[in-house]
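Quick notes on the structure that follows.
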Amino acid sequence: MGEECTDRIGPEAGMSAEGPEVEPQEAARLSVAVRRSGDARVVAVTGELDHDTVALLAEALAEPMDGLARVVIDLSGTGFCDSSGLNQLLRTRLDLQPRVELVVAGLRPAVARLFAITGADEVLTVTKDVEAAVREPHSPGRTPG
1 MGEECTDRIG PEAGMSAEGP EVEPQEAARL SVAVRRSGDA RVVAVTGELD HDTVALLAEA
61 LAEPMDGLAR VVIDLSGTGF CDSSGLNQLL RTRLDLQPRV ELVVAGLRPA VARLFAITGA
121 DEVLTVTKDV EAAVREPHSP GRTPG
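For the sequence shown, UniProt numbering gives the first residue as 1, with consecutive numbering after it.
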């Protein structure tokens, strides 16, 4: 159950988001790396997730989910998330249900506060870190580990 491959989406990878255009200076504020861990896809988001950068995350989440039990969004490198980023996570959860579980891992304090204020931490499955997220299935709401 190791990492099989990593794809980078963002300016350092020389890739741009399909759909809404992401300006180079905005893309520089966010990078998205995708890898497989067992039956999970781990999407690591680093930087600021907002209206101007959310298309990069949307692109990574638009990939086929065949053969996956869960998708883990690793936000441990995300210091800021606005309503656009939160809406993308909620839309993704709805799109994946019930065949693929969505787990959000590694919330930093500012992002955890957004989740708490909006109640997203009661709707989305949240774990302490990626390791806890890929280990076993979870139910919605904050989970230990």
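Every residue gets a Cβ at the ideal spot worked out from N, C-alpha and C, and that includes glycine.
This structure is a prediction, so every number in the text was calculated from the model and none was measured.
Should Thr118 be labelled buried (16 or more other beta-carbon atoms within 10 Å of its own) or exposed?
Around the beta carbon of Thr118, fewer than 16 other beta carbons sit within 10 angstroms, so the residue counts as exposed.
I need the straight-line Cα distance from Ala40 to Leu102, nearest angstrom please.
So the two alpha carbons sit approximately 10 Å from each other.
Quick one, are the C-beta atoms of Val71 and Leu96 less than 8 Å apart?
Cβ distance < 8 Å, so Val71 and Leu96 count as in contact.
Tell me which same chain residues have a C-beta within less than 6 Å of the C-beta of Pro20, skipping the five on either side of it?
Below a pLDDT of 50, predicted positions are generally treated as unreliable, and Pro20, at 49, falls in that range; the measurement from the model is reported next regardless. Cβ neighbours of Pro20 beyond the five flanking positions: Ala55.
If we count the other Cβ atoms within 10 Å of its Cβ and call it buried at 16 or more, is Gly85 buried or exposed?
Burial call: buried.
Thr118 by DSSP, collapsed to three states: which one?
The answer is helix: DSSP assigns Thr118 an H, G or I state.
Could you check what DSSP says for Ala40 in three-state terms: helix, strand or coil?
DSSP places Ala40 in strand when its eight states are reduced to three.
For the beta strand (DSSP E) holding Ala105, just list the boundary residues, first then last.
It spans Glu101 to Ala105 - the beta strand (DSSP E) in which Ala105 sits, taken as one unbroken run.
Endpoints, the alpha helix (DSSP H) within which Leu75 is located
Here Leu75 belongs to no alpha helix (DSSP H); instead the beta strand (DSSP E) covers Arg70 to Cys81.
Can you pull the DSSP bridge partners for Thr53?
DSSP output for Thr53 lists no bridge partner at all.
Which partner residues does Thr127 have in the DSSP bridge list?
Bridge pairing for Thr127: Ala105 [DSSP].
Is it true that the CB of Asp74 sits closer than 8 Å to the CB of Asp50?
The Cβ-Cβ distance between Asp50 and Asp74 does not fall below 8 Å.
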